[in-house]
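Down below is the structure, laid out as C-alpha cells.
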Amino acid sequence: MIKIDNLSFGYSRKKQLFMNLDMELLEGKICGLLGKNGAGKTTLLRLIAGILFPDSGDVHVLDTQIFKRDPEISKEIFYVQEEYELPTMSIELYMKIYAPFYHRFDTDKFYDLLSKFEVDRNAKTSQLSYGQKKKVHIAFALSTGVKLLILDEPTNGLDIPSKAQFRKVLVSSVGEDQSVVISSHQVRDLTNMLDQIIIVDDGKVILNEDVFDISQVLNFRQIQGANVPDDALYSEMIPGGHLVVTPGVGNEQSQIDLEALFNAITTNREKVQRLFQNLKQNENAKI
Amino acid sequence: MLKFNIERIRALLVRDFHMSFKPTMKIIGVILLVYYLVNLFIAVVNRNDTVDDFELSPTIITYGLFLLIGGLIYSSRAFREFAKVPSRAEYLSLPASSLEKVLVKWLYTGPIFLVAFTLLFWILASLFMPFISDLRGYEFSSPLFVTIPFWNLVGIYSVVQTIFIFGSITFNKVPAVLTVISIMLIALIALLICAIFFRMVWAEYFEGLYNFAEQSGNFRYGDGTSDPSEKWQVKFFIFAFKFLLAPVMFVASIFKLSEKIESLD
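If you read the sequences in order, they're chains D and W. To convert, note that position 64 of the first sequence is 95 in this note's numbering; the numbers rise steadily by one, no gaps. To convert, note that position 205 of the second sequence is 1198 in this note's numbering; the numbers rise steadily by one, no gaps.
Have a look at this one:
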C-alpha cells in the first residue's frame, strides 16, 4: 500500500528532518504513527499524501509515485489534517460539493456517522464547534471509501465520549482493502485500534512492527512495590508500584501500553530492536 | 498533470461555483449597485449642474474600470486556497489534475466572469444610466457589446487575466500586489535591457555614457528610419501579446501548479 524508499526530506538544506528513511505499510491495516513533538509525523503524512515532495528517495502509494499526483490515485487517498477549517456552508452542501470527487462515497454512511457523532446534518458549519467540525470532517473521510485514509491527530478537539465513539466508528468502518495511517501524540486515544505501530525518532523509523509481534516480544505489566526486574527495558512509578516493560517470555502475550512502548523504544532503542530481530530470526529459522 | 476527465471537471466547476464564483459575483453586484445609487444621488442633488456630452461614454469607462480592477483582483485570488496552509493542503490533495484545476479557475475568472459581469453591469447600467444621464443633461447610449472599445477591453482583460492567474499560483499572500510588482519589475528589466542595446547599437551618437553627442550638418534623429509600427519586431510583439501570451501563461500555470507544495509559510 505504502512503500517509502531511502527518503530524505528537510524544510531547509542545513537541517534534514528525514535521512534515508525506509518504511512499508501493508493493505488492510490500521497503522499508528507515533513520535515526539517535531519528529516529523505531520511532514511524513504530507509526503505520503503527495503534497510535499521528497528531496531524494521515493514514496510509492498504491504502486505509484505519489508526487506525480495522479488523480486516479488521489481519489483513493483522503487526508484529514490536524488543523482544517471547513468552508462556511451547510453540511449538506459541503457533502454535495466534495462527494463527487470520490466515486465510492456513501451518503447514507455519512449521515449515519453524523448521527453517531451527534452532529445535526442540517446545521451550517459556522454553527459548529471545533470538535463538531472535526467530527464532520472525519465522518466525511470515512464515507469516501478511499483505499488510504490519513488521519493527522484526529482526536484533537474531541471530547471524551467522542474519542471512544471515534475508535468504535473507525474500527467498524474500515474495510479489508482499506488502510489507515493515524498520527497522534495522545497515544492513549489509539489504544486497542491499531494493527501496526510505527515510531519515528531523529529522522528514522525506529520501530515498525505488527501489534501481534509487539505484544509477543515485549511484556507490559504492573508490579507492586519497588522491585523492578533487572531486565526491565523501561519502568515508571504508578500508585502502589511500577509499570514495567520487559522482554516477553515464550508465546505469552500482554496488553500493549502505547505510552510505555514509546518510552521503552526511545530510551532503550538498541535492546528493543534486537529483540524484534531475534523474533524474526526465530521465525525464519522455523520456516 | 495533464489528465482530463469530464466528471472531475464538473465536480471542480460545482466546487468553485459555491466556494468562489457565487460569493464574488454577489460582492461585485453589491458594489455596482452602491456605485449607481451614489451616482443617482449625486445626479439628483446636482440636477441643474449639467455636463456636456462625453467623448467616450461614461458607461464604458466605468465598465472598463470595474472589469480590470475587479476582474484582475478576482483572477489574482483564483487560487485563494493557497493563502492558508490547511486549505492549500486540502486543495493540492483534491483528486484532479493540474490541467483540470487550472482550466476550471481560468473558466471562472475568464469567459464565465466576462459574461456574468457584463450582463450584470448591462442590467444595472440600463436601469440607472437613463435617469442619471437625463438628470445631468447628456445623451445616454449603451456601448456594451456593440462598440470597439468594449471588445478591446474584453480582449485586454482576457490576456492580462492569465498573468494574474499565474500570480495567484505563485504567490500565497497578497497575490494581486505581488503580481503587479512583478510585472513592473519585469517591465523595468526589459526597459534597462532595451536601453543597454540602444546604447550599444547607437554608440556613435553618444558622448559619455548617456549624453547624446551634438551632430553637425543637417543631421536629425529619426531621419532615414521607417515607422516603428511597420517593423516586423513591433508587429511580432503585438501579435505575441494578443495571441501567444495568454496560452503561454496558461501552460506555465499548469506547470507551476504541478510543482506547488504545501510549504510552511
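Where is the CB? At the ideal position from N, CA and C, for every residue including glycine.
Residue i (DSSP reduced to helix, strand or coil)
| i | result |
| --- | --- |
| residue 138 of chain D | helix |
| residue 1203 of chain W | coil |
| residue 317 of chain D | helix |
| residue 45 of chain D | coil |
| residue 227 of chain D | strand |
| residue 309 of chain D | helix |
| residue 1005 of chain W | helix |
| residue 240 of chain D | strand |
| residue 120 of chain D | coil |
| residue 273 of chain D | strand |
| residue 206 of chain D | coil |
| residue 212 of chain D | strand |
| residue 1127 of chain W | helix |
| residue 1209 of chain W | coil |
| residue 1134 of chain W | coil |
| residue 278 of chain D | strand |
| residue 90 of chain D | strand |
| residue 996 of chain W | coil |
| residue 1238 of chain W | helix |
| residue 1117 of chain W | helix |
| residue 83 of chain D | coil |
| residue 13 of chain D | What is shown of chain D runs 32 to 318, which leaves residue 13 of chain D out entirely. |
| residue 58 of chain D | coil |
| residue 1198 of chain W | helix |
| residue 1048 of chain W | coil |
Beta-carbon proximity of residue i to residue j, cut-off 8 Å
| i | j | result |
| --- | --- | --- |
| residue 1245 of chain W | residue 1164 of chain W | no |
| residue 236 of chain D | residue 229 of chain D | yes |
| residue 85 of chain D | residue 38 of chain D | yes |
| residue 1168 of chain W | residue 1069 of chain W | yes |
| residue 131 of chain D | residue 1012 of chain W | no |
| residue 147 of chain D | residue 200 of chain D | yes |
| residue 1093 of chain W | residue 1014 of chain W | no |
| residue 31 of chain D | residue 240 of chain D | The structure shown has nothing for residue 31 of chain D, since chain D only spans 32 to 318. |
| residue 52 of chain D | residue 32 of chain D | no |
| residue 1073 of chain W | residue 128 of chain D | no |
| residue 248 of chain D | residue 260 of chain D | no |
| residue 1250 of chain W | residue 1095 of chain W | yes |
| residue 1243 of chain W | residue 1099 of chain W | yes |
| residue 252 of chain D | residue 203 of chain D | no |
| residue 250 of chain D | residue 277 of chain D | yes |
| residue 181 of chain D | residue 79 of chain D | yes |
Range covered by the beta strand (DSSP E) that runs through residue i
| i | result |
| --- | --- |
| residue 255 of chain D | 249 to 255 |
| residue 1066 of chain W | First-last for residue 1066 of chain W: 1064 to 1069, but that is the alpha helix (DSSP H), not the beta strand (DSSP E). |
| residue 78 of chain D | Looking at the DSSP string, residue 78 of chain D is not in any beta strand (DSSP E); the run it does join, the alpha helix (DSSP H), is 72 to 80. |
| residue 109 of chain D | 108 to 111 |
| residue 190 of chain D | Careful: residue 190 of chain D lies outside any beta strand (DSSP E) and carries neither H nor E. |
| residue 183 of chain D | 179 to 183 |
| residue 63 of chain D | 61 to 66 |
Span of the alpha helix (DSSP H) around residue i
| i | result |
| --- | --- |
| residue 94 of chain D | Note, residue 94 of chain D: premise wrong, no alpha helix (DSSP H); not H, not E. |
| residue 1028 of chain W | 1015 to 1038 |
| residue 168 of chain D | 161 to 174 |
| residue 1093 of chain W | 1091 to 1102 |
| residue 1172 of chain W | 1168 to 1194 |
| residue 1061 of chain W | Per DSSP, residue 1061 of chain W belongs to no alpha helix (DSSP H) and is neither H nor E. |
| residue 38 of chain D | From DSSP, residue 38 of chain D is part of no alpha helix (DSSP H) but of the beta strand (DSSP E) over 33 to 40. |
| residue 292 of chain D | 289 to 298 |
| residue 1084 of chain W | 1078 to 1085 |
| residue 1153 of chain W | 1141 to 1163 |
| residue 1254 of chain W | Neither: residue 1254 of chain W is in no alpha helix (DSSP H) and is coded neither H nor E. |
| residue 1222 of chain W | From DSSP, residue 1222 of chain W is part of no alpha helix (DSSP H); its letter is neither H nor E. |
| residue 103 of chain D | 102 to 105 |
Whole-angstrom C-beta distance between residue j and residue i, which should lie under 8 Å
| i | j | result |
| --- | --- | --- |
| residue 218 of chain D | residue 71 of chain D | In fact, because the Cβ distance is near 17 Å, the residues do not count as touching under 8 Å. |
| residue 174 of chain D | residue 221 of chain D | The Cβ separation is near 21 Å, so there is no contact. |
| residue 299 of chain D | residue 264 of chain D | 5 Å |
| residue 40 of chain D | residue 83 of chain D | 7 Å |
| residue 1150 of chain W | residue 1005 of chain W | About 22 Å; that fails the 8 Å criterion. |
| residue 1253 of chain W | residue 1085 of chain W | 6 Å |
| residue 1033 of chain W | residue 1114 of chain W | Not really, about 16 Å apart at Cβ, beyond 8 Å. |
| residue 1148 of chain W | residue 1110 of chain W | Not quite, the Cβ-Cβ distance comes to about 15 Å (not below 8 Å), so this is no contact. |
Within 8 Å of chain D by C-beta, residues of the stretch 1001 to 1030 of chain W in sequence order: Answer set for the stretch 1001 to 1030 of chain W: 1001, 1003, 1004, 1007, 1008, 1011 and 1012.
Residues of the stretch 43 to 73 of chain D with Cβ closer than 8 Å to any Cβ of chain W, in chain order: For the stretch 43 to 73 of chain D, there are no residues whose beta carbon sits under 8 Å from a beta carbon of chain W.
Under 8 Å (Cβ pairs) to chain W, residues found in the stretch 179 to 193 of chain D: Taking 8 Å as the Cβ-Cβ cut-off against chain W, none of the residues of the stretch 179 to 193 of chain D qualify.
Interfacial residues, the stretch 111 to 136 of chain D to chain W, with Cβ spacing under 8 Å: Listed by position along the chain: 112, 114, 115, 116, 118, 120, 124, 127, 128, 129, 131, 132 and 133.
The stretch 78 to 103 of chain D: positions lying closer than 8 Å to chain W by Cβ: Cβ contacts with chain W: 80, 81, 82, 83, 84, 99, 100, 101, 102 and 103.
Selection of the stretch 1082 to 1098 of chain W by Cβ proximity to chain D, strictly under 8 Å: For the stretch 1082 to 1098 of chain W, which is checked against every Cβ of chain D, the residues closer than 8 Å are 1082, 1083, 1085, 1086, 1087, 1088, 1089, 1090, 1091 and 1093.
Selection of the stretch 214 to 225 of chain D by Cβ proximity to chain W, strictly under 7 Å: Of all residues in the stretch 214 to 225 of chain D, none has a Cβ within less than 7 Å of some Cβ in chain W.
Near-chain W residues of the stretch 275 to 304 of chain D - C-beta to any C-beta below 9 Å: Listed in sequence order: no entries.
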